[in-house]
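Right, one structure below, let's go through it.
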Amino acid sequence: VGFLKNLSHNLLTGVLGKNLGESFSQIISKPDGVNGGVAISGANFRPPAGRAGPRTITVEPDMSHFAKNFEHAILALDKLTTHQTEKMDEVVKYDHVHLKAPAGAGKTFVALHLMLLALFGPNGDQEP
Numbered sequence: 027v028g029f030l031k032n033l034s035h036n037l038l039t040g041v042l043g044k045n046l047g048e049s050f051s052q053i054i055s056k057p058d059g060v061n062g063g064v065a066i067s068g069a070n071f072r073p074p075a076g077r078a079g080p081r082t083i084t085v086e087p088d089m090s091h092f093a094k095n096f097e098h099a100i101l102a103l104d105k106l107t108t109h110q111t112e113k114m115d116e117v118v119k120y121d122h123v124h125l126k127a128p129a130g131a132g133k134t135f136v137a138l139h140l141m142l143l144a145l146f147g148p149n150g151d152q153e154p
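When we follow the working numbering, the leftmost residue of the sequence shown carries the number 27, and every step to the right adds one.
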C-alpha cells in the first residue's frame, strides 16, 4: 500500500514524468550504440536541425489509465487471499495468537481483518 501511495503521489505531482523524462533523455543522449542496450522507437529523438545540444524526451503519464489501474490495485487489497483466509479461520478461535510468516505474506493485513471482525462482526455492521 505504501508503494502505491508513493507512486500515486509522484505521478500526481509530476515528479514521475519528470524523472522518467530525465532518465530517458540521459539514455538517448549517449553516442549511438552506447545506450546500455535500451532501444526507444516510434519517434526521432535527434535535436532539431541547426540546434546543438543533448536530445530530450518528455514523458506524459496517462492519468486516466493510471486512475483505473490504481483503483483496481487498491480494491484488490480489500480481500484476503485464500491462504490468508485459511489462517484467519484457524487463529480466530484463540484469544492470543502469534502468526509467523515471511515478509510480505500479509500478516498485518490478516491482523487488521481480525481487528475489524472483533469490532464490527462478520457482516461489518455490528456496533462497537
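For glycine and all other residues, C-beta sits at the position ideal for the given N, C-alpha and C.
N-terminal and C-terminal residue of the alpha helix (DSSP H) that residue i is part of
{"i": "E112", "result": "T108 to V117"}
{"i": "K133", "result": "K133 to F146"}
{"i": "N36", "result": "G28 to L38"}
Sub-8 Å separation of residue i and residue j beta-carbons
{"i": "V136", "j": "M114", "result": "yes"}
{"i": "A99", "j": "L30", "result": "yes"}
For residue j and residue i, believed in contact at Cβ under 8 Å, the rounded distance
{"i": "P87", "j": "G130", "result": "Between G130 and P87 the Cβ distance is about 26 Å, and since that is not below 8 Å, they are no contact."}
{"i": "V118", "j": "L140", "result": "7 Å"}
{"i": "G132", "j": "T107", "result": "7 Å"}
CA nearest to the CA of residue i, picked from the options
{"i": "L142", "options": "E116, H109, T108 and D104", "result": "D104"}
request  = State whether the stretch 120-139 contacts the stretch 87-100, with contact taken as three or more CB pairs (one from each stretch) at a distance under 8 Å.
outcome  = With a cut-off of 8 Å on Cβ pairs, the stretch 120-139 is not in contact with the stretch 87-100, counting fewer than three such pairs.
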